[in-house]
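Enquirer: Have a look at the structure that comes next, please.
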Amino acid sequence: MKIGTPKEIEKGENRVAMTPESATQLQKLGHECLIEAGAGQNAGFADADYEAVGATVVKTAAALWKDSDIIAKVRIPTATELKRLTSDKTLISFFNPAANEEGMA
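Just add 16 to wherever you are in the sequence shown, counting from 1, and you've got my numbering.
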């Protein structure tokens with residue numbers, strides 16, 4: 017499976033759902049790892065760090081969502097991200113169901 021991590025866009029969010037170390041572990045399990053360009057920057061990981069462990073750096077969020085089977089992110093999905101979440105994809109993230117009716121539909 018292709019597991020992708022987009023860049024977190026909420027202001028002040030420095031975390032990233034996939035680190036180079038976790039990408040290494042996922043690849044050992046047979047998964048392909050994709051990361052949006054710049055996704056790890058605020059957490060201290062350069063795109064080159066991901067490429068060094070065999071992950072694919074994808075230029076845009078749209079391309080990452082299109083090419084991934086599983087999306088792993090930290091924050092609740094935005095309206096744009098929800099539109100990209102098709103029935104053949106799985107999203108792993110926080111959802112905040114009490115304050116996120118649109119995302120829970």
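Cβ atoms here follow ideal geometry from the backbone N, Cα and C, with glycine treated the same way.
(1) If Ala68 sits next to Lys23, beta carbons under 8 Å apart, how far is it from one beta carbon to the other, in whole angstroms?
(2) Whole angstroms is fine: what's the gap from Lys105's alpha carbon to Ala79's?
(3) Which of the three DSSP states is assigned to Ala53 in this structure?
(4) Indicate whether Thr35 and Gly70 have their beta-carbon atoms separated by less than 9 Å.
(5) Do Val73 and Leu50 have their C-beta atoms within less than 9 Å of each other?
(6) With a CB to CB cut of under 7 Å and the five nearest residues on each side skipped, what residues in its chain are close to Leu107?
Expert: In terms of the structure at hand:
(1) Your numbering for residue 68 matches position 52 in the sequence shown. Your numbering for residue 23 matches position 7 in the sequence shown. Approximately 19 Å separates the beta-carbon atoms of Ala68 and Lys23; this is outside 8 Å, ruling out the contact.
(2) Here the question's residue 105 lines up with position 89 in the sequence shown. Here the question's residue 79 lines up with position 63 in the sequence shown. Spanning the alpha carbons of Lys105 and Ala79 requires a straight line of approximately 14 Å.
(3) For the purposes of this step, residue 53 is taken as the residue at position 37 of the sequence shown. When DSSP states are grouped into helix, strand and coil, Ala53 belongs to the coil group.
(4) Position 19 of the sequence shown, counted from the first residue, corresponds to residue 35. Position 54 of the sequence shown, counted from the first residue, corresponds to residue 70. Remark: C-beta atoms of Thr35 and Gly70 do not approach each other more closely than 9 Å.
(5) Working through the sequence shown from its first residue, we reach residue 73 at position 57. Working through the sequence shown from its first residue, we reach residue 50 at position 34. Yes, they are a contact pair.
(6) Indexing the sequence shown from 1 puts residue 107 at position 91. These residues qualify, in order along the chain: Ile87, Pro93 and Leu101.
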